[in-house]
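This report concerns only the one structure given below.
Residue numbers (the working numbering), protein chains in the order written: chain A, 373 to 852; chain B, 29 to 97.
Structure below.
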């Protein structure tokens, strides 16, 4: 800590969001800096690089009105902090935590570093406990659990913003903890139109009462986009580990974040790596994603992360989804073909995966038959893809009756389970899943045990037909 | 578990070359037992797996006898 020092007449040059000063004070990397122009306006920034001769400060606000002669800098001697206190939920803030909703300033109880405090890996509790998002393909097939980081891989023109809003509006916890649930929403580099949409939908659905929004607009300095997720996560950590709430952080769009990182990195003169992105992008993304987690019941809450990114050219091997996938615990992939078929949400079930689904589903969490149902639907839909490929080669008239059953199953799966007009509870999604499985031959239900087949397949069929339940599950009981 | 699967594949190949229809093999109740042995038996239950292997052999022997007669 060096106290506050103001630097005058030391500006060397200004390049985009970067201001270069002579190195005439002692400061640390990532220390907070206030840069004051001739107009007296204070612009927030931080030390991005320093050597013996100069200090490079990146500003989070536009630098267009700054001049070399009249610019001063005030060094605080500590890293960038965010003042937090109770009563933040329900507010709409910009990317650096300033109110956008004409409300009063946030009552500050304590200031927290926006880089966060790394969790002790030993203190981490294994994420568990189911979060219901209202989306069948997530809840039933790729369940999200508290403390997990599960990204959504989208593409240009796909409705990821609508999905983000639907999840923010409808996500809930099952059981007694439902009252402690808070959504922190971070819009990174979004347009005015999208920001207006987010604000109006969150207000209209009544979800604002349990939502804290951070909106960093596209016209703001690219460096502000680098801070927006950090301010949002600092607030989320406060809500989770100080106030003891269960927090779901939705961040859209991480591609805008990474592109800002590339832009700022190029301005620094760093050597670019894959596709021009900086070589440290992996660790930078990890410093965001790894803030999710659970520290066990003694710390109260949990922090669950749902970042959304758009894959350039729908390329899942692009550095942004590629590096994200290494850090996070699975991914939900959106598909342009499903979107073209007017299926919403267009979640591609087969490449999607939630690595922690097994920890938050099944007996004592959701439903004891939930994991088996998800596995059976997954297996049957995978078989559909093989049947579709075969039909594309030999023609749908030439395929076997068995493959035709799978083609019909796949179409119904997409129209009835993947597609949804409104949010569904898990029980509704499961019910649709069991109904879909009734169209398959019993020999195909290898992921279900005999009891599950009796309870959910044969009994339902008998309820409709009025016949007595069939007890034997071998080929003799197979439905035609 | 791998041994059971390999025995099934080998026995099924022999049965096919002996003229048994693939539909007959597909509809054998033991197929479901093999599909679900991961869930219902598990890797550690060696004795149960051995029993399954034995019943597999018996089923294929019966099939061959039926085919011959």
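Beta carbons are placed, not taken as given, at the ideal position from N, Cα and C, and that holds for glycine.
- Between residue 718 of chain A and residue 703 of chain A, the CB-CB gap reaches or exceeds 9 Å.
- In this structure, residue 562 of chain A sits near residue 589 of chain A, with a CB-CB distance shorter than 9 Å.
- Within chain A, 818 have C-beta atoms less than 8 Å from the C-beta of residue 63 of chain B, given in sequence order.
- Taking 7 Å as the cut-off between beta carbons, none of the residues of the segment 486-506 of chain A comes near chain B.
- Contact between residue 444 of chain A and residue 503 of chain A is absent: CB atoms are separated by about 48 Å, not below the 8 Å threshold.
- When secondary structure is reduced to three states using DSSP, residue 796 of chain A falls in the coil class, being assigned neither helix nor strand.
- Ranked by Cα distance from residue 640 of chain A, the options A:377, A:387, A:519 and A:382 are led by A:387.
- For residue 772 of chain A, no chain B residue has a C-beta closer than 8 Å to its own C-beta; the minimum C-beta separation is roughly 11 Å.
- Restricting attention to alpha helix (DSSP H) runs no shorter than 4 residues, the segment 378-426 of chain A encloses none.
- For residue 447 of chain A, the pairing in a beta bridge is given by DSSP as A:377 and A:405.
- In the three-state reduction of the DSSP assignment, residue 504 of chain A falls in the strand class, which pools E and B.
- For residue 54 of chain B, a Cβ of chain A is located within less than 9 Å of the residue's own Cβ.
- Scanning chain A for C-beta atoms nearer than 8 Å to the C-beta of residue 68 of chain B yields 821, reported in chain order.
- Residue state for residue 33 of chain B is assigned as helix, using DSSP reduced to three classes.
- Using a Cβ-Cβ cut-off of 9 Å, residue 60 of chain B counts as an interface residue toward chain A, since at least one Cβ of chain A sits closer than that to its own.
- Taking a 10 Å sphere around the C-beta of residue 572 of chain A, we find fewer than 16 other C-beta atoms and assign the residue as exposed.
- For residue 559 of chain A, the enclosing beta strand (DSSP E) covers residues 553-562.
- Taking 9 Å as the CB threshold, residue 815 of chain A lines the interface with chain B.
- Restricting attention to A:765, A:804 and A:749, the CA atom closest to the CA of residue 817 of chain A is found in A:749.
- Annotated three-state conformation of residue 821 of chain A is coil, per DSSP.
- Per DSSP, the continuous alpha helix (DSSP H) segment holding residue 773 of chain A begins and ends at 773-784.
- In the DSSP secondary-structure assignment, residue 618 of chain A is bridged to A:553 and A:674.
- The beta carbon of residue 608 of chain A sits closer than 7 Å to the beta carbons of 556, 619, 621 and 675 from its chain, once the five residues preceding and following it are set aside; these are given in chain order.
- Per DSSP, residue 56 of chain B lies in no beta strand (DSSP E) and is assigned neither H nor E.
- If you draw a straight line from the Cα of residue 57 of chain B to the Cα of residue 819 of chain A, it comes to about 15 Å.
- Assignment of residue 731 of chain A by DSSP, reduced to helix, strand and coil, places it in the helix class.
- In the three-state DSSP reduction, residue 521 of chain A falls in the strand class (E or B).
- Across the structure, residue 69 of chain B and residue 88 of chain B are spaced so that their CA atoms are roughly 21 Å apart.
- Taking the C-beta atoms as reference points, residue 540 of chain A is found no nearer than 9 Å to residue 567 of chain A.
- Between the alpha carbons of residue 801 of chain A and residue 76 of chain B lies a distance of about 36 Å.
- Residue 34 of chain B and residue 84 of chain B do not touch by the CB rule: their CB atoms are close to 11 Å apart, not below 8 Å.
- Residue 623 of chain A counts as buried, since at least 16 other C-beta atoms from the protein chains shown sit within 10 angstroms of its C-beta.
- Straight across, the Cα-Cα distance linking residue 469 of chain A with residue 710 of chain A is about 37 Å.
- Contact annotation, residue 447 of chain A with residue 391 of chain A: C-beta distance approximately 13 Å; criterion of less than 8 Å not satisfied.
- Annotated three-state conformation of residue 624 of chain A is strand, per DSSP.
- In this structure, DSSP gives residue 461 of chain A a state outside helix and strand, which the three-state scheme calls coil.
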